[in-house]
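Letter by letter, the sequence shown follows residues 19 to 397 of my numbering.
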Amino acid sequence: MLQTLFAAALLLATLDVQLAEEPTIIPMNHGTKHVTVMVELNGKGPFLFQVDTYSSGDGSIDDDLVRELGLSKSGTVQSSDGHSVQTRDLVTVDELVLGGAVFRGLTLTVNDYDWVKRSDGKQVHGILGFASFRELLLTFDYPGNRLVLSHEQLTADDAHTIPFSVEATGSPDIQLVLNGDRFLFGIDTGHTNALSINRSLASELPTYSEPVKYAQMVTHHNSFDVYTADFAGTLDLAGYPVEGIELRMVEGWSGFSLLGYQLLRSYAVSFDQRSKLVSFNRPPLPKAAALSSNELDHWVGTFACGQKRYIIEREGDALFFRFGVGSPIPTSAIDAKTLRLESEATQVRLDTNWFGRRYLEIEEHPDRPIIEAPILTDG
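Written out as C-alpha coordinates, the structure reads:
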(Lines of atoms letter the chains of each structure in order from A and count residues from 1; the text may use other names and numbers.)
(Lines give C-alpha, C1' and ligand atoms only; values in the text may rest on other atoms or scores of the structure.)
Protein backbone atom coordinates (compact mmCIF):
# COMPACT_ATOMS: atom_id res chain seq x y z
CA MET A 1 0.00 0.00 0.00
CA LEU A 2 1.58 3.24 -1.12
CA GLN A 3 1.59 6.02 1.44
CA THR A 4 4.45 8.49 1.27
CA LEU A 5 5.05 11.02 4.03
CA PHE A 6 6.83 14.25 3.15
CA ALA A 7 8.53 14.66 6.51
CA ALA A 8 12.18 13.65 6.64
CA ALA A 9 12.33 14.15 10.41
CA LEU A 10 10.04 11.14 10.86
CA LEU A 11 12.65 8.94 9.20
CA LEU A 12 15.69 10.36 11.01
CA ALA A 13 14.51 10.32 14.63
CA THR A 14 16.14 7.78 16.93
CA LEU A 15 13.81 4.91 17.76
CA ASP A 16 13.92 2.89 21.00
CA VAL A 17 13.47 -0.79 20.09
CA GLN A 18 14.15 -3.70 22.44
CA LEU A 19 14.18 -7.35 21.40
CA ALA A 20 13.49 -10.12 23.92
CA GLU A 21 15.95 -12.39 22.10
CA GLU A 22 18.12 -12.60 18.98
CA PRO A 23 16.47 -13.25 16.65
CA THR A 24 12.92 -12.41 17.69
CA ILE A 25 10.38 -14.45 15.73
CA ILE A 26 6.78 -13.25 15.37
CA PRO A 27 3.97 -15.25 13.72
CA MET A 28 2.59 -13.47 10.65
CA ASN A 29 -0.44 -14.12 8.51
CA HIS A 30 -0.60 -13.40 4.78
CA GLY A 31 -3.72 -15.31 3.82
CA THR A 32 -5.33 -12.13 2.51
CA LYS A 33 -2.16 -11.25 0.52
CA HIS A 34 -1.24 -8.64 3.15
CA VAL A 35 1.19 -9.28 5.99
CA THR A 36 -0.66 -8.94 9.31
CA VAL A 37 0.45 -9.24 12.93
CA MET A 38 -1.11 -8.65 16.33
CA VAL A 39 0.19 -5.76 18.45
CA GLU A 40 -0.53 -4.10 21.79
CA LEU A 41 -0.61 -0.31 22.10
CA ASN A 42 0.01 1.42 25.44
CA GLY A 43 -0.89 -1.80 27.26
CA LYS A 44 -4.14 -2.41 25.38
CA GLY A 45 -5.04 -4.85 22.63
CA PRO A 46 -4.37 -7.01 20.76
CA PHE A 47 -5.01 -5.05 17.57
CA LEU A 48 -4.60 -6.19 13.96
CA PHE A 49 -1.84 -4.28 12.11
CA GLN A 50 -0.44 -4.73 8.64
CA VAL A 51 3.33 -4.56 8.08
CA ASP A 52 3.80 -2.52 4.93
CA THR A 53 7.18 -1.61 3.44
CA TYR A 54 5.63 1.01 1.19
CA SER A 55 3.94 2.88 4.01
CA SER A 56 6.71 5.32 4.81
CA GLY A 57 7.32 6.80 8.23
CA ASP A 58 6.71 4.77 11.37
CA GLY A 59 3.22 3.78 10.23
CA SER A 60 -0.39 4.74 10.68
CA ILE A 61 -3.36 4.10 12.95
CA ASP A 62 -7.13 4.04 12.47
CA ASP A 63 -8.94 7.16 13.70
CA ASP A 64 -11.43 5.08 15.73
CA LEU A 65 -8.56 3.48 17.64
CA VAL A 66 -7.01 6.89 18.28
CA ARG A 67 -10.21 7.94 20.03
CA GLU A 68 -10.45 4.63 21.91
CA LEU A 69 -6.90 4.98 23.26
CA GLY A 70 -7.28 8.72 23.95
CA LEU A 71 -4.21 9.66 21.90
CA SER A 72 -3.52 13.37 21.45
CA LYS A 73 -2.54 15.06 18.19
CA SER A 74 1.20 15.71 18.05
CA GLY A 75 1.43 17.37 14.64
CA THR A 76 0.51 17.07 10.96
CA VAL A 77 2.15 15.67 7.84
CA GLN A 78 1.61 15.69 4.08
CA SER A 79 0.56 12.20 2.92
CA SER A 80 0.55 10.98 -0.68
CA ASP A 81 -0.93 7.86 -2.31
CA GLY A 82 1.28 8.39 -5.37
CA HIS A 83 -1.30 10.57 -7.13
CA SER A 84 -2.56 13.26 -4.74
CA VAL A 85 -1.55 14.77 -1.40
CA GLN A 86 -3.57 15.29 1.77
CA THR A 87 -2.78 16.62 5.24
CA ARG A 88 -2.97 14.04 8.04
CA ASP A 89 -2.77 14.30 11.82
CA LEU A 90 0.05 12.63 13.75
CA VAL A 91 -0.08 10.90 17.14
CA THR A 92 2.70 9.43 19.28
CA VAL A 93 2.39 5.96 20.82
CA ASP A 94 4.34 5.49 24.04
CA GLU A 95 4.73 1.74 23.62
CA LEU A 96 3.92 -0.79 20.89
CA VAL A 97 4.52 -4.48 21.62
CA LEU A 98 5.00 -6.83 18.66
CA GLY A 99 5.64 -10.34 19.97
CA GLY A 100 8.98 -10.15 21.73
CA ALA A 101 9.79 -6.69 20.34
CA VAL A 102 8.96 -3.43 22.14
CA PHE A 103 8.89 -0.13 20.21
CA ARG A 104 8.77 3.15 22.14
CA GLY A 105 7.97 6.58 20.78
CA LEU A 106 6.46 5.65 17.40
CA THR A 107 4.89 8.53 15.49
CA LEU A 108 1.85 7.32 13.53
CA THR A 109 -0.28 9.00 10.87
CA VAL A 110 -4.03 9.02 11.56
CA ASN A 111 -6.11 7.43 8.80
CA ASP A 112 -9.62 6.05 8.35
CA TYR A 113 -9.37 2.32 7.61
CA ASP A 114 -13.10 1.65 7.41
CA TRP A 115 -12.68 1.54 3.61
CA VAL A 116 -10.22 -1.39 3.83
CA LYS A 117 -12.29 -4.50 3.09
CA ARG A 118 -10.49 -7.72 4.03
CA SER A 119 -11.62 -11.07 2.65
CA ASP A 120 -11.64 -12.53 6.19
CA GLY A 121 -13.88 -9.73 7.48
CA LYS A 122 -11.41 -8.57 10.14
CA GLN A 123 -10.87 -4.87 10.86
CA VAL A 124 -7.44 -3.35 10.20
CA HIS A 125 -6.43 -1.08 13.08
CA GLY A 126 -3.22 0.28 11.62
CA ILE A 127 0.01 -0.21 9.72
CA LEU A 128 3.61 -0.59 10.80
CA GLY A 129 5.68 1.29 8.21
CA PHE A 130 9.12 0.57 6.84
CA ALA A 131 10.87 3.14 9.02
CA SER A 132 9.70 1.40 12.21
CA PHE A 133 12.39 -1.21 11.52
CA ARG A 134 15.18 1.17 10.51
CA GLU A 135 17.59 -0.08 13.19
CA LEU A 136 16.89 -3.79 12.65
CA LEU A 137 17.24 -6.57 10.10
CA LEU A 138 13.62 -7.18 9.08
CA THR A 139 12.74 -10.49 7.39
CA PHE A 140 9.38 -11.37 5.85
CA ASP A 141 9.61 -15.17 5.79
CA TYR A 142 6.57 -15.92 3.63
CA PRO A 143 7.10 -19.71 3.31
CA GLY A 144 7.67 -19.91 7.09
CA ASN A 145 4.74 -17.59 7.94
CA ARG A 146 6.87 -15.55 10.28
CA LEU A 147 8.40 -12.11 10.76
CA VAL A 148 12.01 -12.21 12.00
CA LEU A 149 13.73 -9.27 13.73
CA SER A 150 17.39 -9.08 14.70
CA HIS A 151 20.38 -6.74 14.91
CA GLU A 152 22.34 -8.72 12.31
CA GLN A 153 23.46 -6.97 9.14
CA LEU A 154 23.53 -7.96 5.48
CA THR A 155 26.61 -7.58 3.31
CA ALA A 156 26.83 -7.06 -0.42
CA ASP A 157 28.60 -10.45 -0.72
CA ASP A 158 25.59 -12.35 0.62
CA ALA A 159 23.84 -14.56 -1.96
CA HIS A 160 20.83 -13.08 -3.75
CA THR A 161 21.44 -9.69 -2.12
CA ILE A 162 21.06 -6.39 -3.98
CA PRO A 163 21.04 -2.71 -3.01
CA PHE A 164 17.90 -0.65 -2.59
CA SER A 165 17.35 3.10 -2.40
CA VAL A 166 14.92 5.16 -0.35
CA GLU A 167 15.45 8.61 -1.85
CA ALA A 168 12.18 8.87 -3.74
CA THR A 169 9.67 7.63 -1.18
CA GLY A 170 11.33 6.65 2.07
CA SER A 171 10.50 3.06 1.08
CA PRO A 172 12.69 0.40 -0.62
CA ASP A 173 13.13 0.78 -4.38
CA ILE A 174 15.18 -1.61 -6.56
CA GLN A 175 16.24 -1.63 -10.20
CA LEU A 176 14.72 -4.40 -12.33
CA VAL A 177 15.42 -5.17 -15.99
CA LEU A 178 12.43 -6.08 -18.15
CA ASN A 179 13.07 -6.82 -21.83
CA GLY A 180 16.40 -5.00 -21.68
CA ASP A 181 14.98 -1.82 -20.13
CA ARG A 182 15.58 -0.71 -16.53
CA PHE A 183 12.64 0.13 -14.30
CA LEU A 184 12.53 1.35 -10.71
CA PHE A 185 10.19 -0.84 -8.66
CA GLY A 186 9.19 -0.35 -5.06
CA ILE A 187 9.05 -3.50 -2.91
CA ASP A 188 5.59 -3.21 -1.41
CA THR A 189 4.45 -5.88 1.07
CA GLY A 190 1.06 -4.15 1.10
CA HIS A 191 0.54 -4.62 -2.65
CA THR A 192 -1.28 -7.79 -3.72
CA ASN A 193 -0.07 -8.10 -7.34
CA ALA A 194 3.23 -9.36 -8.76
CA LEU A 195 4.28 -6.26 -10.75
CA SER A 196 2.21 -3.12 -11.25
CA ILE A 197 3.35 -0.38 -13.59
CA ASN A 198 1.99 2.69 -15.33
CA ARG A 199 0.24 1.48 -18.47
CA SER A 200 2.09 3.96 -20.68
CA LEU A 201 5.47 2.69 -19.39
CA ALA A 202 4.45 -0.92 -20.05
CA SER A 203 3.25 -0.30 -23.61
CA GLU A 204 6.51 -1.55 -25.20
CA LEU A 205 6.87 -4.66 -23.05
CA PRO A 206 6.12 -7.98 -24.83
CA THR A 207 3.08 -9.89 -23.55
CA TYR A 208 1.44 -13.19 -24.54
CA SER A 209 -1.83 -11.40 -25.31
CA GLU A 210 -3.32 -7.93 -25.50
CA PRO A 211 -3.94 -6.37 -22.06
CA VAL A 212 -7.53 -6.65 -20.84
CA LYS A 213 -9.28 -4.55 -18.23
CA TYR A 214 -9.16 -6.42 -14.94
CA ALA A 215 -10.27 -4.30 -11.98
CA GLN A 216 -9.80 -1.01 -10.16
CA MET A 217 -6.94 -0.23 -7.79
CA VAL A 218 -8.08 1.72 -4.74
CA THR A 219 -5.72 3.92 -2.71
CA HIS A 220 -6.35 6.22 0.25
CA HIS A 221 -7.57 9.02 -2.02
CA ASN A 222 -8.23 7.61 -5.52
CA SER A 223 -9.11 4.65 -7.75
CA PHE A 224 -7.53 3.62 -11.08
CA ASP A 225 -8.44 1.22 -13.91
CA VAL A 226 -6.13 -1.79 -14.03
CA TYR A 227 -5.29 -3.88 -17.13
CA THR A 228 -3.57 -7.28 -17.07
CA ALA A 229 -1.42 -9.42 -19.38
CA ASP A 230 1.35 -12.00 -18.95
CA PHE A 231 4.90 -10.74 -19.54
CA ALA A 232 6.54 -12.73 -22.37
CA GLY A 233 10.06 -12.44 -21.01
CA THR A 234 12.33 -13.19 -18.06
CA LEU A 235 12.93 -11.12 -14.95
CA ASP A 236 16.10 -11.43 -12.87
CA LEU A 237 15.14 -11.06 -9.21
CA ALA A 238 18.40 -10.93 -7.25
CA GLY A 239 19.75 -13.88 -9.23
CA TYR A 240 16.50 -15.82 -9.46
CA PRO A 241 15.14 -16.04 -13.04
CA VAL A 242 11.38 -15.46 -13.10
CA GLU A 243 9.16 -16.14 -16.11
CA GLY A 244 5.48 -15.77 -16.91
CA ILE A 245 4.91 -12.79 -14.64
CA GLU A 246 1.48 -11.23 -14.67
CA LEU A 247 1.79 -7.51 -15.33
CA ARG A 248 -0.83 -5.19 -13.90
CA MET A 249 -0.89 -1.96 -15.92
CA VAL A 250 -2.54 1.00 -14.18
CA GLU A 251 -4.21 3.66 -16.31
CA GLY A 252 -3.35 7.22 -15.30
CA TRP A 253 -1.16 6.10 -12.42
CA SER A 254 1.52 8.68 -11.70
CA GLY A 255 2.94 6.77 -8.75
CA PHE A 256 5.81 4.35 -8.59
CA SER A 257 5.98 0.87 -10.13
CA LEU A 258 5.42 -1.76 -7.46
CA LEU A 259 6.60 -5.32 -6.80
CA GLY A 260 4.14 -7.08 -4.52
CA TYR A 261 2.80 -10.19 -2.86
CA GLN A 262 2.38 -12.50 -5.86
CA LEU A 263 6.17 -12.49 -6.32
CA LEU A 264 7.28 -11.98 -2.72
CA ARG A 265 5.35 -14.91 -1.27
CA SER A 266 7.86 -17.51 -2.50
CA TYR A 267 10.76 -15.92 -0.63
CA ALA A 268 12.15 -14.93 2.72
CA VAL A 269 12.82 -11.24 2.04
CA SER A 270 15.24 -9.44 4.39
CA PHE A 271 15.71 -5.66 4.58
CA ASP A 272 18.72 -3.98 6.20
CA GLN A 273 18.09 -0.23 6.19
CA ARG A 274 21.49 0.49 7.75
CA SER A 275 23.37 -0.91 4.74
CA LYS A 276 20.55 -0.34 2.20
CA LEU A 277 20.55 -4.00 1.15
CA VAL A 278 17.74 -6.50 0.54
CA SER A 279 18.10 -10.26 0.15
CA PHE A 280 15.76 -12.85 -1.37
CA ASN A 281 15.99 -16.48 -0.28
CA ARG A 282 13.76 -19.22 -1.64
CA PRO A 283 13.36 -22.71 -0.13
CA PRO A 284 14.47 -25.60 -2.35
CA LEU A 285 11.78 -27.05 -4.56
CA PRO A 286 10.55 -30.61 -3.91
CA LYS A 287 11.71 -33.46 -6.13
CA ALA A 288 9.60 -34.66 -9.03
CA ALA A 289 6.92 -37.22 -8.26
CA ALA A 290 7.62 -40.82 -9.33
CA LEU A 291 4.53 -42.14 -11.14
CA SER A 292 3.94 -45.27 -13.16
CA SER A 293 2.52 -45.13 -16.67
CA ASN A 294 -0.94 -46.11 -15.36
CA GLU A 295 -0.75 -43.43 -12.68
CA LEU A 296 0.04 -40.83 -15.33
CA ASP A 297 -3.14 -41.80 -17.20
CA HIS A 298 -5.13 -41.51 -13.98
CA TRP A 299 -4.50 -37.75 -13.84
CA VAL A 300 -5.40 -36.99 -17.46
CA GLY A 301 -8.70 -35.11 -17.75
CA THR A 302 -10.58 -31.91 -17.00
CA PHE A 303 -11.17 -30.88 -13.40
CA ALA A 304 -12.91 -28.04 -11.58
CA CYS A 305 -11.76 -25.89 -8.68
CA GLY A 306 -14.12 -23.13 -7.63
CA GLN A 307 -15.09 -21.18 -10.75
CA LYS A 308 -12.07 -22.34 -12.79
CA ARG A 309 -11.49 -25.40 -14.99
CA TYR A 310 -8.07 -26.86 -15.59
CA ILE A 311 -6.82 -29.56 -17.90
CA ILE A 312 -4.05 -32.15 -17.53
CA GLU A 313 -2.88 -33.86 -20.73
CA ARG A 314 -0.28 -36.54 -21.39
CA GLU A 315 2.31 -36.73 -24.16
CA GLY A 316 4.66 -39.69 -23.87
CA ASP A 317 5.99 -39.79 -20.31
CA ALA A 318 5.23 -36.12 -19.58
CA LEU A 319 2.13 -34.41 -18.26
CA PHE A 320 1.01 -30.98 -19.42
CA PHE A 321 -1.07 -28.61 -17.33
CA ARG A 322 -3.23 -25.78 -18.65
CA PHE A 323 -6.33 -23.83 -17.77
CA GLY A 324 -9.61 -24.54 -19.55
CA VAL A 325 -9.75 -21.10 -21.20
CA GLY A 326 -7.67 -19.90 -24.13
CA SER A 327 -5.20 -21.65 -26.39
CA PRO A 328 -2.19 -23.47 -24.93
CA ILE A 329 1.11 -21.64 -25.30
CA PRO A 330 4.30 -23.73 -24.93
CA THR A 331 7.00 -22.42 -22.63
CA SER A 332 10.75 -22.79 -22.77
CA ALA A 333 13.83 -22.51 -20.54
CA ILE A 334 11.96 -23.24 -17.32
CA ASP A 335 13.95 -25.12 -14.69
CA ALA A 336 13.02 -27.27 -11.69
CA LYS A 337 9.48 -28.03 -12.83
CA THR A 338 7.53 -30.70 -10.96
CA LEU A 339 3.90 -31.68 -10.86
CA ARG A 340 2.54 -32.30 -7.38
CA LEU A 341 -0.48 -34.59 -7.36
CA GLU A 342 -2.33 -34.67 -4.06
CA SER A 343 -5.20 -36.89 -2.91
CA GLU A 344 -8.01 -34.97 -4.62
CA ALA A 345 -8.09 -33.65 -8.18
CA THR A 346 -9.01 -30.18 -6.94
CA GLN A 347 -5.70 -30.07 -5.05
CA VAL A 348 -3.47 -30.42 -8.12
CA ARG A 349 -0.79 -27.74 -8.03
CA LEU A 350 2.41 -27.07 -9.92
CA ASP A 351 5.59 -26.85 -7.88
CA THR A 352 7.75 -24.70 -10.10
CA ASN A 353 9.97 -21.66 -10.23
CA TRP A 354 7.80 -20.33 -13.04
CA PHE A 355 6.24 -17.08 -11.83
CA GLY A 356 8.98 -16.99 -9.20
CA ARG A 357 7.23 -18.87 -6.46
CA ARG A 358 6.76 -22.36 -5.12
CA TYR A 359 3.20 -23.08 -6.19
CA LEU A 360 1.26 -22.02 -9.24
CA GLU A 361 -2.23 -22.21 -7.79
CA ILE A 362 -5.39 -22.93 -9.68
CA GLU A 363 -7.14 -19.62 -9.10
CA GLU A 364 -4.62 -17.69 -11.19
CA HIS A 365 -5.35 -16.03 -14.53
CA PRO A 366 -6.93 -18.51 -17.02
CA ASP A 367 -4.67 -17.75 -19.99
CA ARG A 368 -1.48 -19.21 -18.51
CA PRO A 369 0.93 -21.06 -20.82
CA ILE A 370 1.08 -24.85 -20.72
CA ILE A 371 3.66 -26.07 -18.23
CA GLU A 372 5.59 -29.25 -19.06
CA ALA A 373 6.34 -31.17 -15.88
CA PRO A 374 9.19 -33.76 -15.99
CA ILE A 375 7.30 -36.55 -14.22
CA LEU A 376 9.55 -39.52 -13.47
CA THR A 377 8.19 -42.92 -14.54
CA ASP A 378 9.05 -46.36 -13.22
CA GLY A 379 7.35 -48.60 -15.72
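All C-beta atoms in this analysis are idealised placements derived from N, C-alpha and C, irrespective of residue type, glycine included. A quick note: this is a predicted structure, and the numbers were derived from the prediction, not measured.
Would you tell me roughly how many angstroms separate the C-alpha atoms of residue i and residue j, rounded to the nearest one?
i, j, result
"tyrosine 72", "aspartate 206", "5 Å"
"threonine 179", "arginine 266", "26 Å"
"valine 260", "lysine 91", "46 Å"
"proline 45", "tyrosine 160", "10 Å"
"threonine 187", "aspartate 82", "27 Å"
"phenylalanine 151", "glutamine 291", "8 Å"
"glycine 63", "glutamate 113", "12 Å"
"histidine 169", "leucine 154", "5 Å"
"arginine 217", "valine 268", "5 Å"
"glutamine 96", "leucine 282", "29 Å"
"lysine 140", "phenylalanine 121", "24 Å"
"alanine 149", "proline 41", "19 Å"
"valine 109", "threonine 127", "7 Å"
"leucine 33", "phenylalanine 289", "17 Å"
With 16 as the cutoff for other CB atoms within 10 Å, does residue i come out buried or exposed?
i, result
"glutamine 365", "Since pLDDT at glutamine 365 reaches only 30, below the 50 mark, its modelled position is unreliable, and the value read off the structure follows with that caveat. Its Cβ having fewer than 16 others within 10 Å, glutamine 365 is exposed."
"valine 35", "buried"
"arginine 85", "exposed"
"leucine 202", "exposed"
"alanine 38", "exposed"
"glutamine 68", "buried"
"glutamate 264", "buried"
"glycine 61", "exposed"
"glycine 204", "buried"
"serine 189", "buried"
"aspartate 76", "buried"
Which residues does DSSP pair with residue i in a beta bridge?
i, result
"isoleucine 215", "Met267"
"leucine 59", "Lys62 and Leu114"
"valine 84", "For valine 84, which the question treats as bridged, DSSP gives no partner whatsoever."
"alanine 286", "Asp159 and Asn299"
"glycine 147", "Asp70"
"aspartate 254", "Pro259"
"glutamine 36", "Val120"
"serine 275", "Phe203"
Of the choices the options, whose alpha-carbon is the least far from that of residue i?
i, options, result
"valine 236", "Phe148, Asp254, Gly270 and Thr225", "Gly270"
"asparagine 299", "Leu172, Thr246 and Gln193", "Leu172"
"histidine 52", "Thr187, Val184, Ser218 and Leu146", "Leu146"
"isoleucine 43", "Leu124, Ala119 and Arg283", "Ala119"
"glycine 49", "Val230, Gln280 and Leu295", "Gln280"
"aspartate 80", "Arg106, Gly93 and Arg283", "Arg106"
"phenylalanine 158", "Thr225, Leu126 and Gly278", "Gly278"
Does at least one heavy atom of the ligand ZN sit under 7 Å from the Cβ of residue i?
i, result
"isoleucine 44", "Summarising the ligand content, the structure contains no ligands, and the ligand ZN is consequently not present."
**Whole runs of the beta strand (DSSP E) within the stretch 162-191, excluding any shorter than 3 residues** = 164-168 and 179-181
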